[in-house]
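Below is one structure, written out as structure tokens; the observations come after it.
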Amino acid sequence: MADQASTTDTPLEGTPAADVEMGDSGEPAQENNNTNDDPEQQGDNEGDDNDEGVEMAEIEPETPKVVKFLDFLKSPIIELVVGKGEDETLLTAHQALLTKSPYFADKCAQFADSDSRRRVELVDEDLDAMGSLLEYLYHNEYFPKRLSADKDSKLESDPSAPGPDTHGVQLLRHARVYTLADKFGLPELKSLAHSKIHRTESTARGEIAYARYVYANTAPDDRTIRRPVAAFWAHRSHVLRHHAEDEFRAMCLEFPQFGFDVLSLVLDAKEKRGGGSGGGGHSGEPVVGVASSAAAAADLPRSARKRARVSHG
């Protein structure tokens with residue numbers, strides 16, 4: 127038994143314990159030095175390869191999809207019913223353009239793919255304002271357009287605009303677009319309409335009509351459009367109210383917040399002048415630089431809203 131145990135082969139140090147595969151010639155096959163026999167290390171290498179693939183997928187930028195204007199025109203047609211009764215008007219627009227508005231995106235999401243007729247009721251909206259909104263969605267502008275991108279650029283002339291605008295038609299046009307853009311979630315259009323308000327000339331009575339619309343149709347905390355209205359009258363009320371005194375009084379009674387906003391700005395101006403010690407009148411009131419009362423009727427000072435005012439009785 128001892129001799130049998132002593133004949134057992136014991137591998138020498140540094141030689142593989144497993145059987146050596148013999149080649150066709152009878153000699154041991156050459157060991158592949160590039161083969162990694164360590165399964166743990168091999169697993170690590172495979173993991174590195176996988177990680178590299180993941181990293182490449184993460185850092186490889188996605189090619190942005192180019193949306194052509196033609197793609198908008200290929201989208202379904204949406205019918206827009208504006209107004210009601212005899213004033214009802216049917217407008218149409220492409221869905222892909224309408225869905226720039228969150229309001230219309232929600233409406234269009236309710237349509238099934240199989241719906242051949244897609245209609246949205248807008249019975250309480252102003253037709254002209256809706257026309258301007260659709261014009262903006264297609265062209266990023268609406269009539270009358272700005273003559274340049276400069277902040278003080280004038281608007282192109284509108285042959286249909288009355289002159290002088292004693293009813294505030296042009297101011298109301300942009301004010302309605304402003305409130306419509308606010309309702310439909312189009313902040314860029316809202317900003318555009320607001321900029322056009324500051325480029326529009328009007329009269330005292332036109333300003334009252336505009337102020338009435340603003341205070342009746344905007345939120346109390348919308349200082350973007352309300353504060354310039356109050357500031358305009360705070361700086362010009364002692365001149366312009368003589369051209370529209372009855373309308374100004376009615377406006378203050380109908381919208382007490384308007385009267386309060388105007389009075390607050392007048393008192394703030396008086397306080398800043400130190401009770402009359404800063405170039406104001408004897409009572410510290412804001413002074414309008416008018417040469418004479420006769421000139422005031424024809425050449426009013428510029429407003430704080432960057433637009434000239436021509437007052438007509």
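Under our numbering, the first residue of the sequence shown is numbered 127, with each subsequent residue one higher. Backbone N, C-alpha and C define an ideal beta-carbon position, used for all residues, glycine too.
8 Å Cβ shell around residue i - same chain, five flanking residues per side excluded
| i | result |
| --- | --- |
| Arg353 | Asp387 |
| Ala345 | none |
| Glu251 | Val208, Gly209 and Leu306 |
| Arg338 | Met377, Glu380 and Phe381 |
| Ser283 | Pro270 |
| Ser274 | none |
Residue of the options minimising C-alpha distance to residue i
| i | options | result |
| --- | --- | --- |
| Glu333 | Gly311, Lys233, Tyr304 and Asp291 | Asp291 |
| Asp372 | Ala360, Tyr341 and Ala330 | Ala330 |
| Lys280 | Ser321, Glu212, Phe384 and Pro313 | Ser321 |
| Phe230 | Ser242, Leu259, Glu212 and Asp213 | Leu259 |
| Pro285 | Ser274, Ile351, Phe269 and Thr305 | Phe269 |
| Gly385 | Ser363, His369, Ala370 and Lys396 | Ser363 |
| Gln221 | Gly289, Leu253 and Leu196 | Leu196 |
| Gly294 | Thr326, Asp276 and Ala238 | Thr326 |
| Arg299 | Ala255, Lys316 and Arg367 | Ala255 |
| Ser328 | Gln296, Asp213 and Gly311 | Gln296 |
| Lys360 | Ala335, Asn343, Ala342 and Leu393 | The sequence given here has Ala at residue 360, not Lys. Of Ala335, Asn343, Ala342 and Leu393, the residue nearest in Cα terms is Leu393. |
| Tyr336 | Arg367, Gly311 and Val355 | Val355 |
| Glu212 | Phe237, Leu253, Arg349 and Leu389 | Leu253 |
| Ala342 | Arg367, Leu312, Gln383 and Ala370 | Gln383 |
| Leu223 | Leu199, Arg244 and Asp239 | Leu199 |
| Leu312 | Asp276, Asn266 and Ala287 | Asn266 |
| Ser242 | Val192, Val365 and Ser201 | Ser201 |
| Asp308 | Asp348, Gly289 and Asp239 | Asp348 |
Beta-carbon contacts of residue i that lie in its chain and below 7 Å, excluding the five residues immediately before and after
| i | result |
| --- | --- |
| Ala376 | none |
| Lys233 | Val246 |
| Ser418 | Because Ser418 carries a pLDDT of 33, less than 50, the predicted location of this residue cannot be relied on, and the following value inherits that uncertainty. Here the set comprises nothing. |
| Arg272 | Ser279 and Leu281 |
| Thr141 | Any reading at Thr141 must be qualified, since the residue scores a pLDDT of 49, below 50, and its modelled position is unreliable; the value itself is stated next. Contacts found: none. |
| Thr225 | Ala231 and Cys234 |
| Ile351 | Tyr304, His320, Val340 and Thr344 |
| Ala370 | Ala330, Arg331 and Ile334 |
| Phe237 | Arg244 |
For residue i, the residue or residues it bridges with in DSSP
| i | result |
| --- | --- |
| Val246 | Leu206 |
| Arg272 | Leu281 |
Expected contact under 8 Å - CB spacing of residue i and residue j to nearest Å
| i | j | result |
| --- | --- | --- |
| Ile204 | Thr218 | 7 Å |
| Val340 | Ala301 | 6 Å |
| Leu315 | Tyr264 | Contact flag wrong, Cβ pair sits at about 12 Å. |
6 Å CB neighbourhood of residue i in its chain, flanking five on each side removed
| i | result |
| --- | --- |
| Glu247 | Val207 |
| Leu318 | none |
| Phe310 | Ser227 and Tyr229 |
| Glu411 | For Glu411, the pLDDT reaches just 44, beneath the cut-off of 50, and the residue's location in the model is therefore unreliable, although a value from the coordinates is still provided. Excluding sequence neighbours, Glu411 sits near nothing in its chain. |
| Gly289 | none |
| Ala287 | Gln296 |
| Val192 | none |
Proximity test, residue i beta-carbon vs the ligand COA heavy atom, cut-off 7 Å
| i | result |
| --- | --- |
| Pro290 | The model on display carries no ligand, and the ligand COA is accordingly not part of it. |
Cutoff 8 Å: residue i Cβ touching any chain C Cβ
| i | result |
| --- | --- |
| Leu318 | Note that chain C does not occur in the displayed structure, where there is just one protein chain. |
Please specify which runs of the alpha helix (DSSP H), each continuous and at least 4 residues long, are wholly inside the region 200–239, giving them in chain order.
221–224 and 228–235
Just list the alpha helix (DSSP H) runs in the region 314–402, keeping only unbroken ones of 4 residues or longer that don't cross its boundaries, in chain order.
330–343, 349–366, 371–380 and 382–398
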